[in-house]
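Below is one structure, written out as structure tokens; the observations come after it.
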Ligand SMILES: [Zn+2]
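Numbering (our numbering), first residue to last: 181 to 507.
Pasting the structure below:
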């Protein structure tokens, strides 16, 4: 690592469907600036990108050491050309992000990456997977996605679509319909939405049977996790079921890639052991023994900030060398 690189600063922006997080990060992952705003998707791409551009200008003017901008989006991307092909949460289709920012005069390289991969990049560099060359970071949120590292490199696939672990089929017949058009995908049984659906059903049964429970409508992934942490039997069973399906999905990933470690992040990771312990048990009993005995399955460490830190790393030399940027 050269002296020059170690002193550079990097802007990261994590644009989510609800909130957007902005940060300036140094080479060691320290947050030098940080700001969180409501995304308000109803403003449209121009409104949102205008706000991004204003913040980029402000920070770049104040800090001459800023060397790049990385943007994480919940989208299918053409990262090479800086285009968000499909971004359902924001209602963006074929948005030319880089050109719409209109910051070409700043002379900064701008990188785009899918939000799940940004989280994975941060956990790999500074978080739970930092000591592993082969690692899988699985994000369990509204959807389920993965960043897969092989020999230290993030797997992107032929056109940048690799890592769709949420669509591994874990219920081969009679499973629920998935957003991808298939049925029985991991996302239909282990995402936050799936946990909420299962908890709603379990709550109805509990009420009908007069069984006590801490669960109350309206339910969320967080509410189910909190009830389980407080010892609620029904919430724990819902998470255990999701965890077992998570384990089934992990068996496939672990057998294929033999990672040293699997990091579980995203909103559902807050559930902790009631979700992870059943997943580990399935992996221990169902994955190839020599792989299963060694792999660690651990919660993410960087929480809500993983996305923005990962976005900032897109411009760091070791990450950006493997891809092209747009000015
Ligand atoms: Zn699917």
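Positions of the beta carbon are idealized from the N, C-alpha and C atoms, including for glycine.
Where residue i falls, given that 16 or more other Cβ within 10 Å makes a residue buried
i: residue 187; result: exposed
i: residue 268; result: exposed
i: residue 285; result: exposed
i: residue 202; result: buried
i: residue 405; result: buried
i: residue 294; result: buried
i: residue 496; result: buried
Option in the options with minimal Cα separation from residue i
i: residue 428; options: 479, 347, 213 and 271; result: 347
i: residue 360; options: 189, 345 and 376; result: 345
i: residue 189; options: 221, 301, 244 and 406; result: 244
i: residue 307; options: 496, 480, 487 and 499; result: 480
i: residue 366; options: 261, 466 and 432; result: 432
i: residue 261; options: 251, 255, 252 and 277; result: 277
i: residue 445; options: 321, 222, 256 and 236; result: 321
i: residue 323; options: 254, 492, 417 and 384; result: 254
Within 8 Å, strictly: CB atoms of residue i and residue j
i: residue 298; j: residue 447; result: no
i: residue 349; j: residue 369; result: no
i: residue 460; j: residue 434; result: no
i: residue 422; j: residue 375; result: yes
i: residue 292; j: residue 259; result: yes
i: residue 450; j: residue 302; result: no
i: residue 309; j: residue 488; result: no
i: residue 514; j: residue 364; result: Nothing can be reported for residue 514, as the shown portion of the chain is limited to 181 through 507.
i: residue 239; j: residue 193; result: no
i: residue 436; j: residue 250; result: no
Nearest-angstrom beta carbon gap, residue j and residue i [assumed within contact, 8 Å]
i: residue 281; j: residue 290; result: 7 Å
i: residue 372; j: residue 401; result: 4 Å
i: residue 312; j: residue 441; result: 4 Å
i: residue 407; j: residue 420; result: Not really, about 13 Å apart at Cβ, beyond 8 Å.
One or two residues paired with residue i in a DSSP bridge
i: residue 206; result: 189
i: residue 548; result: As shown, the chain starts at 181 and ends at 507. That puts residue 548 outside it, with no answer to give.
i: residue 378; result: Residue 378 pairs with nothing; no bridge assigned.
Cβ-heavy atom distance, residue i to ligand 2, below 7 Å
i: residue 367; result: Ligand 2 is absent from the structure shown, which contains only ligand 1.
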